[in-house]
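If you're matching positions, the sequence shown starts at 1 in UniProt numbering and goes up one per residue.
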Amino acid sequence: MELELSRHLFQCQDIDARVRTEAEQWLLQAVQHAGFCRAALNLIMNRDPAALPAAITFKNKCKKDWEDENNAADPKYKIARDERDFVKTHLVRAMIEADAPVQRQLSETLAIIAESDFPAEWPQLLPELIAHISSPDYHKVRAVLQCCNTMFKPYRYRSKSDALWTQIKYVLVNFSQPLLETMQRVLADLTTTKTQDELLDLLRYVANIFLSLSSQDIPEQFEERLNDWMSGFVGLVSIVTPTTPAPRSASREEDMAVAGTPLELLQGVIIAVWTLYASKYESEFRAHIPTCVQCIWALLVSSSDAAPRNEAVVAPALQFLAVVIRAPWHRTLFSAPGQLEALAQHVILPNLRLSPADQDQFTVDPVEYVRKDSEGADQQTRRRLTCDLVRAIKVQFQNEITDILGKAVATLMQEYAISPATGWVSKDAAMYVVVALSVQGHTVAQGATQIADNIDVAQFYNQHVLTELTAEPMADFPILKADAIKFVIIFRSHLPVQQCRDLIPTLTRHLASPSFVVHSYAATAIERLLALPNIITRPTLQPHLSSLLTALFSALDHDESEENDYIMKAIMRVLHVGAADVQPFLDALLHKLTSTLVRVASNPRNPMFNHYLFECVAVLIRNTCIDRHDLVPTFQDAVIPPFKTMLRAQESCSEFGPYVFQILCQLLRYTGQALPPVFESMFPSVLAPPLWDSPGNVHALTLLIREYLAKPAFVSTLCAGDVGRGWLDGILGIFQKLIASKLNDKYGIQLLTSLVRTVPWDVLQPSFKQILVLLFTRAQQSMTAQFGRSLCVFLSEMVCVRGLPTLWKEIEALQVGLAVTSLSKLLLSHVGSVVDHLERKTVAVALVHAVGPQSIEVVLSAGPAGERFWADALDKLVDLLEIISGGADVATAADPAESILSQLEEAGGYSASYNRLAFASAPAKDPFPNTDVVQMFTQALAEASRLRPGKLQSVMGTHLPPARCVRIQEICSGHLVQLA
Numbered sequence: 001m002e003l004e005l006s007r008h009l010f011q012c013q014d015i016d017a018r019v020r021t022e023a024e025q026w027l028l029q030a031v032q033h034a035g036f037c038r039a040a041l042n043l044i045m046n047r048d049p050a051a052l053p054a055a056i057t058f059k060n061k062c063k064k065d066w067e068d069e070n071n072a073a074d075p076k077y078k079i080a081r082d083e084r085d086f087v088k089t090h091l092v093r094a095m096i097e098a099d100a101p102v103q104r105q106l107s108e109t110l111a112i113i114a115e116s117d118f119p120a121e122w123p124q125l126l127p128e129l130i131a132h133i134s135s136p137d138y139h140k141v142r143a144v145l146q147c148c149n150t151m152f153k154p155y156r157y158r159s160k161s162d163a164l165w166t167q168i169k170y171v172l173v174n175f176s177q178p179l180l181e182t183m184q185r186v187l188a189d190l191t192t193t194k195t196q197d198e199l200l201d202l203l204r205y206v207a208n209i210f211l212s213l214s215s216q217d218i219p220e221q222f223e224e225r226l227n228d229w230m231s232g233f234v235g236l237v238s239i240v241t242p243t244t245p246a247p248r249s250a251s252r253e254e255d256m257a258v259a260g261t262p263l264e265l266l267q268g269v270i271i272a273v274w275t276l277y278a279s280k281y282e283s284e285f286r287a288h289i290p291t292c293v294q295c296i297w298a299l300l301v302s303s304s305d306a307a308p309r310n311e312a313v314v315a316p317a318l319q320f321l322a323v324v325i326r327a328p329w330h331r332t333l334f335s336a337p338g339q340l341e342a343l344a345q346h347v348i349l350p351n352l353r354l355s356p357a358d359q360d361q362f363t364v365d366p367v368e369y370v371r372k373d374s375e376g377a378d379q380q381t382r383r384r385l386t387c388d389l390v391r392a393i394k395v396q397f398q399n400e401i402t403d404i405l406g407k408a409v410a411t412l413m414q415e416y417a418i419s420p421a422t423g424w425v426s427k428d429a430a431m432y433v434v435v436a437l438s439v440q441g442h443t444v445a446q447g448a449t450q451i452a453d454n455i456d457v458a459q460f461y462n463q464h465v466l467t468e469l470t471a472e473p474m475a476d477f478p479i480l481k482a483d484a485i486k487f488v489i490i491f492r493s494h495l496p497v498q499q500c501r502d503l504i505p506t507l508t509r510h511l512a513s514p515s516f517v518v519h520s521y522a523a524t525a526i527e528r529l530l531a532l533p534n535i536i537t538r539p540t541l542q543p544h545l546s547s548l549l550t551a552l553f554s555a556l557d558h559d560e561s562e563e564n565d566y567i568m569k570a571i572m573r574v575l576h577v578g579a580a581d582v583q584p585f586l587d588a589l590l591h592k593l594t595s596t597l598v599r600v601a602s603n604p605r606n607p608m609f610n611h612y613l614f615e616c617v618a619v620l621i622r623n624t625c626i627d628r629h630d631l632v633p634t635f636q637d638a639v640i641p642p643f644k645t646m647l648r649a650q651e652s653c654s655e656f657g658p659y660v661f662q663i664l665c666q667l668l669r670y671t672g673q674a675l676p677p678v679f680e681s682m683f684p685s686v687l688a689p690p691l692w693d694s695p696g697n698v699h700a701l702t703l704l705i706r707e708y709l710a711k712p713a714f715v716s717t718l719c720a721g722d723v724g725r726g727w728l729d730g731i732l733g734i735f736q737k738l739i740a741s742k743l744n745d746k747y748g749i750q751l752l753t754s755l756v757r758t759v760p761w762d763v764l765q766p767s768f769k770q771i772l773v774l775l776f777t778r779a780q781q782s783m784t785a786q787f788g789r790s791l792c793v794f795l796s797e798m799v800c801v802r803g804l805p806t807l808w809k810e811i812e813a814l815q816v817g818l819a820v821t822s823l824s825k826l827l828l829s830h831v832g833s834v835v836d837h838l839e840r841k842t843v844a845v846a847l848v849h850a851v852g853p854q855s856i857e858v859v860l861s862a863g864p865a866g867e868r869f870w871a872d873a874l875d876k877l878v879d880l881l882e883i884i885s886g887g888a889d890v891a892t893a894a895d896p897a898e899s900i901l902s903q904l905e906e907a908g909g910y911s912a913s914y915n916r917l918a919f920a921s922a923p924a925k926d927p928f929p930n931t932d933v934v935q936m937f938t939q940a941l942a943e944a945s946r947l948r949p950g951k952l953q954s955v956m957g958t959h960l961p962p963a964r965c966v967r968i969q970e971i972c973s974g975h976l977v978q979l980a
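Okay, structure coming up:
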């Protein structure tokens, strides 16, 4: 197979499209065959010319198929055991001996396999790596360190657990000493070799590994040798090389992309280590902090020209100083006369000042400028970190630093006043100093949540920010315009209401700015102002609605803004706040949105733009069709054609599927009781297996089928004739597929719940025995917390809809005596895991039925086991009633849109798997809206006791603690109920 594989890997790069396509198709088939991993690894070890593409394909195969399939009922490995053993036997040697490009791929592959198998299934891995780390060949050492760095980096962000710490401890016991010896050996060679950059890269891997292994807790192996480690680290950070600003030339754009020299990158990692130890292990590290501060001070002073290549050092250095200066016991390090002035002059002001690289990026790469600088961005820029440092200094030196930087602001504004043409950079810096001094708390939703009392933000805004926003011509000093708009974004929660409203026409004008940054910030400011509750309401927005929508859609015509997600998000917010007031513009809006859908369908580039585009469609449907069901066909005619185009491209671009199905679900929701012909003809496609093979589609498709099942006309079709039976069998087939998956089992049970709620029992009952077999088999073979919780809710739904006697009878038909044991294990034992308030209410109502008169005879007919079940159900029910009656189970706001949007922003935006549309989501419905569960319980218990006088109190006394029996009597007495 090796020769064929090598030939086809080469053909995948052929200039002839036909040859290339045939080779790619062959490769797609080959990776599924047994022996592929063995063949690919043999090619690599034999240094075949196709080794690099073989390594990439091999890595992708392992990434996809190394772990067991996501099949809970029948877990198995796609890669056979003997092939897995072959890979683990030869992979380290192949990686060590490979050329650098192949080595990188194999290092990542090894980390993928280790994630699953190390150390339990791969005990020889670490000893084999350690055996090579002492090699005199630094190429091999690099391979080991690179691999270990990739393997151990997940330790930084994993949740604490005994299993994780056991693994880390195993690594430390065996690897900490060889790692230290490697650092010392490389340091000794550093001054005697000409290949310093290569050795510095090795040391960076060492420092990164040290950081990863220290992230959960301070290792005793490192603590015992901390002086040796810090001696090496301090020596490396103490190397201060002169820095000069890079020349502004044609190569400037290339220079901006440079992350830093090998020494700077190494120093950045070491400083990150110091920051970790200063924040988490302060007592163990305290003795080293003064030396570290001195080293960092020297670096920051030398880097104050803000050359981009120093970013790797400056960012972690600022973080370290912020951590140290907050602690009162380090106050003396910064309290010497002139120390704070020097800190302001050499560190704070230079790093708040706009650098030449920032100015270039504003023009040359504005998309990246906005991404780094926007609110909620996760990238730690110089300016953001310097603002954090100022806030940290204020903890110990509030008055002093405010006075020092306040004078600096006055000086900067004076420089601007003397010569705006050249001093605009000073005003830019002054705005950032004010932000750094003023903001004491900040969230994405509100901007600045708390501002300093001793800074007059309102005065600065009125004198210097508002004048910039309204200055003519609008195109002058675009960076200052962007700064002013960002100032509004940050302090929006503290501006007077009328001032916020007056800003809308001003910001609308800035949407016409040719600067990408300015019109993107203007769109963001509009969106954030509209998101503030009760500030700009529908009536106050209405006069500006037409001009604002026109300006926003026109802004999409700017260069680089064709798919500007900031603008599309603002359009979404305007449509949301405008609500029904947008109906006069409905035709124009639909035309704009659908034409954009058609365009992005052919060439999707910006996932966030696409997300907000679909949100716009969803909010327009919601605001229009919720009261005007007659307009649903208008939307169907507009959106379904581009949706069909997107679904045809599902195989090559799967991101649109989840959005399309959510919008279809929303449209179907607003059609009333009938089932439109377009949806009826579409349903067989919804059942198509390829759609369900895409993980992102599963949730949305489940919602869509449940919406179908909510239509009486569809259920009638389902219950009649061969077509309906085929559709029902298709839904049950999907249910079977989904519950076999640990990831998707909850969606399968949601489908089953909808079937139980809507399909007549005489239609569903013939299939119910097989349904129970599938559920019980899955529970027996692979019970998980998610599946247990979902199954508990489903069984409760079944009891509520069909009654416990019906469910009991169906289970007993499988095996006599199975009902009481299965319901105890699968229903009662998982009651405590149900946390959703509506699901908890459903479970409570089901337990009321279980202990009530409808079920008492069938339950007690099971003898002592039935009595135990009844008492346990009563015990669980009382716990639920305490939660419900105590007010701890109150539903959240009916409209989930805002919380969904907040979750999207907090999660960092688009996810490749599934993105829920805020405005396509329906509020969860209470299946028992007018039911007082506590009252229902007391009445049911009283009726059951009258059917069996004295019996139930006897069962309670036998199986429940006295305190619990007293509590039950108290609940009944509180509702004027007495038990017989």
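Glycine is no exception: its CB is placed at the ideal position from the N, C-alpha and C atoms.
query = When the Cα of residue 941 is compared with those of 977, 371, 731, which residue comes out closest?
reply = Here residue 941 refers to the residue found at position 941 when the sequence shown is read from its first residue. Closest by alpha carbon: 977.
For this session: Below 8 Å CB to CB, which residues in the same chain sit around residue 435 once its five sequence neighbours on both sides are set aside?
Result: As a first step, residue 435 is located in the sequence shown; it is residue number 435 there, counting from the start. These residues qualify, in order along the chain: 387, 487, 490.
message: For residue 100 and residue 260, what's the separation of their Cα atoms in angstroms?
response: As a first step, residue 100 must be located in the sequence shown, where it is residue number 100. As a first step, residue 260 must be located in the sequence shown, where it is residue number 260. One C-alpha to the other measures close to 21 Å.
Starting from residue 441, trace the alpha helix (DSSP H) both ways and give me its first and last residue.
Counting from one through the sequence shown, the residue named residue 441 turns up at place 441. Counting along the chain, no alpha helix (DSSP H) covers residue 441; the unbroken beta strand (DSSP E) around it starts and ends at 439-443.
Could you pull out every unbroken beta strand (DSSP E) segment of at least 3 residues lying fully inside the stretch 442-527, listed in chain order?
447-451
Inset, instruction - Please report the Cβ distance between residue 869 and residue 824, rounded to the nearest whole angstrom; I am assuming they are in contact, meaning their Cβ atoms lie under 8 Å. - result: Start at 1 with the first residue of the sequence shown, and residue 869 comes out as number 869. Start at 1 with the first residue of the sequence shown, and residue 824 comes out as number 824. Residue 869 to residue 824, Cβ: 6 Å. Contact.
Notebook entry, point to check: Counting Cβ pairs closer than 8 Å, one from the stretch 26-39 and one from the stretch 75-93, do we hit at least three?
Noted result: yes
> What residue does the alpha helix (DSSP H) around residue 78 start on, and which one ends it?
Replying inline: Looking up residue 78 in the sequence shown gives position 78. Here residue 78 belongs to no alpha helix (DSSP H), and DSSP marks it neither H nor E.
message = Here's the rule: buried if 16 or more other CB atoms are within 10 angstroms of the residue's CB, otherwise exposed. What is residue 93?
response = The residue labelled residue 93 in the question sits at position 93 within the sequence shown. That one is exposed.
**Study point:** Host alpha helix (DSSP H) of residue 674 (start-end)
**Key:** If you number the sequence shown from 1, residue 674 lands on position 674. First-last for residue 674: undefined, no H or E at that position.
- Message: Rounding to the nearest angstrom, what Cα-Cα distance links residue 882 and residue 329 in this structure?
- Response: Taking the first residue of the sequence shown as 1, we reach residue 882 at position 882. Taking the first residue of the sequence shown as 1, we reach residue 329 at position 329. When rounded, the distance between both Cα atoms is 48 Å.
If you measure from the beta carbon of residue 373 to each beta carbon in chain D, is any gap under 8 Å?
No chain D appears in the structure shown, which is made up of a single protein chain.
With H, G and I counted as helix, E and B as strand and the rest as coil, what does DSSP make of residue 815? As a first step, residue 815 is located in the sequence shown; it is residue number 815 there, counting from the start. Three-state DSSP puts residue 815 in coil, outside helix and strand.
Practice prompt. Assign residue 158 to buried or exposed, taking buried as 16 or more other Cβ atoms, counted over all protein chains shown, within 10 Å of its Cβ.
Written response: In the sequence shown, the residue the question calls residue 158 occupies position 158. Only exposed fits residue 158, as fewer than 16 other CB atoms lie within 10 angstroms of its CB.
**Item:** Pick from 407, 65, 636 that is closest to residue 36, judged by C-alpha positions
**Value:** Indexing the sequence shown from 1 puts residue 36 at position 36. Among 407, 65, 636, the Cα nearest to that of residue 36 belongs to 65.
Tell me which residue opens and which closes the alpha helix (DSSP H) that residue 280 is part of.
If you number the sequence shown from 1, residue 280 lands on position 280. According to the DSSP assignment, residue 280 belongs to the alpha helix (DSSP H) that extends over 262-280.
Query raised in the report: Are the Cβ atoms of residue 987 and residue 931 separated by less than 8 Å?
Result: The chain is shown from 1 up to 980; residue 987 falls before or after that span and cannot be answered.
Discussion item. Taking its Cβ as the centre, do 16 or more other Cβ atoms sit within 10 Å of residue 893, making it buried, or is it exposed?
Written reply: Within the sequence shown, numbered from 1, the residue matching residue 893 stands at position 893. Here the model assigns residue 893 a pLDDT of 48, short of 50, so the residue's position is not dependable and the matter cannot be decided.
Exercise for the section: Flag this pair as yes or no: are the beta carbons of residue 144 and residue 129 separated by less than 8 Å? Expected result: Taking the sequence shown and counting its residues from 1, one reaches residue 144 at position 144. Taking the sequence shown and counting its residues from 1, one reaches residue 129 at position 129. For residue 144 and residue 129, yes; Cβs fall inside 8 Å.
Fill in: Alpha-carbon spacing of residue 812 relative to residue 827, whole angstroms
For the purposes of this step, residue 812 is identified with residue 812 of the sequence shown, where counting begins at 1. For the purposes of this step, residue 827 is identified with residue 827 of the sequence shown, where counting begins at 1. The straight-line gap from Cα to Cα measures roughly 16 Å.
Between 654, 662, 46, 726, which lies nearest to residue 621 when the distance is taken from Cα to Cα?
Here residue 621 is taken as the residue at index 621 of the sequence shown, counted from 1. Of 654, 662, 46, 726, the residue nearest in Cα terms is 662.
- Query: Ordered along the chain, which non-local residues of its own chain (more than five positions away) have a Cβ less than 7 Å from that of residue 793?
  - Reply: As a position in the sequence shown, residue 793 is number 793, starting the count at 1. Here the set comprises 834, 839, 842, 843.
Please state whether DSSP places residue 931 in a helix, a strand or coil. As a working note, residue 931 is residue 931 in the sequence shown. In this structure, residue 931 counts as coil in the three-state DSSP scheme.
Worksheet entry | CB contact flag (residue 526, residue 500, <8 Å) | Sequence index remark: in the sequence shown, residue 526 carries index 526 (1-based). Sequence index remark: in the sequence shown, residue 500 carries index 500 (1-based). No, the pair does not count as a contact, with Cβ atoms beyond the cut-off.
Please classify residue 655 as buried or exposed, where buried requires at least 16 other C-beta atoms within 10 Å of its C-beta. Position 655 of the sequence shown, counted from the start, is the residue given in the question as residue 655. Its Cβ being crowded by 16 or more others within 10 Å, residue 655 is buried.
inquiry  = Rounded to whole angstroms, what is the Cα-Cα separation between residue 508 and residue 901?
reply    = Counted from its first residue, the sequence shown places residue 508 at position 508. Counted from its first residue, the sequence shown places residue 901 at position 901. If you take the alpha carbons of residue 508 and residue 901, they lie about 23 Å apart.
For residue 626, which residues from the same chain have a beta carbon less than 8 Å from its beta carbon, with the 5 sequence-adjacent residues on both sides left out?
-> Numbered from 1 along the sequence shown, position 626 holds the residue referred to as residue 626. Around residue 626: 670.
**Message:** Once the 5 residues before and after residue 603 are set aside, which same chain residues still bring their CB inside 8 Å of it?
**Reply:** Stepping through the sequence shown from its first residue, residue 603 is reached at position 603. Once the five neighbours on either side are set aside, residue 603 has no close Cβ partner at all.
- [ ] List the endpoints of the continuous alpha helix (DSSP H) containing residue 152.
- [x] Looking up residue 152 in the sequence shown gives position 152. Unbroken alpha helix (DSSP H) run through residue 152: 138-152.
* To do: Give the DSSP-derived three-state secondary structure of residue 610 in the structure shown.
  => In the sequence shown, counting from the first residue as 1, residue 610 sits at position 610. Here residue 610 sits in helix by DSSP.
In the structure shown, what three-state DSSP assignment does residue 352 receive?
Mapped onto the sequence shown, residue 352 falls at position 352. The answer is helix: DSSP assigns residue 352 an H, G or I state.
Next item on the list: Rounded to whole angstroms, what's the CA-CA distance from residue 336 to residue 400? Just pull it up for me.
Entry: The count along the sequence shown starts at 1 and reaches residue 336 at position 336. The count along the sequence shown starts at 1 and reaches residue 400 at position 400. Distance between the alpha carbons of residue 336 and residue 400: 12 Å.
Check: Thinking C-alpha only, which one of 429, 291, 568, 545 is nearest residue 556?
Finding: Taking the first residue of the sequence shown as 1, we reach residue 556 at position 556. For the residues 429, 291, 568, 545, the minimum Cα distance to residue 556 belongs to 568.
Bounding residues of the alpha helix (DSSP H) (the contiguous stretch that carries residue 170): Within the sequence shown, numbered from 1, the residue matching residue 170 stands at position 170. Per DSSP, residue 170 belongs to the alpha helix (DSSP H) from 162-190.
query: What are the boundary residues of the alpha helix (DSSP H) that includes residue 536?
result: Position 536 of the sequence shown, counting from 1, holds the residue named residue 536. That residue, residue 536, is in no alpha helix (DSSP H); it is neither H nor E in DSSP.
> So, is residue 778 buried or exposed, given that buried needs 16 or more other C-beta atoms within 10 angstroms?
Replying inline: Locating residue 778 in the sequence shown gives position 778, counting from the first residue. By the neighbour-count rule (16 or more Cβ atoms within 10 Å), residue 778 is buried.
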